[in-house]
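Below: one structure, written as structure tokens.
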Amino acid sequence: MEKKSNKYYLTLSLKEYANGETQPAKELGIEFTNHDEIFSIIEKMKAKNLFDNESEATQFALGLKLFGEIKLKHRKNPLFDEINDVFPTFMKKLKSL
Numbered sequence: 001m002e003k004k005s006n007k008y009y010l011t012l013s014l015k016e017y018a019n020g021e022t023q024p025a026k027e028l029g030i031e032f033t034n035h036d037e038i039f040s041i042i043e044k045m046k047a048k049n050l051f052d053n054e055s056e057a058t059q060f061a062l063g064l065k066l067f068g069e070i071k072l073k074h075r076k077n078p079l080f081d082e083i084n085d086v087f088p089t090f091m092k093k094l095k096s097l
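Yeah, the sequence shown ends on 97 if you go by the UniProt record's numbering, and it's all consecutive.
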């Protein structure tokens, strides 16, 4: 039986380049699944006040959940060998804060 996952759609828009230009505009949209409800995790990260502002907490939570889900799905990929050893410790530390 396949484990149920939440389905998401994420849109990323480039609003301004480092040099101040706004063209050419770029946008990317992706569908993905995640076993966690990411919006609640974002709220938990904001509440922990680990970063300078809520935007950084959102970036961290979103990046971690996107990365973590791929790492979990591909845990036997040699690319993740070193991370597989320390990731559970990192997540336990994060959850304990």
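Just so you know, even glycine gets a beta-carbon here, dropped at the ideal spot from N, CA and C.
In DSSP terms, what residue i is bridged to
{"i": "F32", "result": "Y8"}
{"i": "L14", "result": "K26"}
Residue i, buried or exposed, once every other Cβ within 10 Å from all chains shown has been counted against 16
{"i": "A61", "result": "buried"}
{"i": "A25", "result": "exposed"}
{"i": "residue 98", "result": "What the structure shows of the chain is the stretch from 1 to 97, and residue 98 is not part of that stretch, so it cannot be assessed."}
{"i": "A18", "result": "exposed"}
Residue i versus residue j - alpha carbon distance
{"i": "K95", "j": "D81", "result": "22 Å"}
{"i": "S5", "j": "P88", "result": "21 Å"}
{"i": "K93", "j": "T11", "result": "30 Å"}
{"i": "T58", "j": "K71", "result": "20 Å"}
{"i": "G20", "j": "K76", "result": "42 Å"}
The segment 67 to 82 contacting the segment 42 to 53, beta-carbon criterion three pairs below 8 Å: no
Contact the segment 16 to 32 vs the segment 44 to 54: 3+ CB pairs below 8 Å: no
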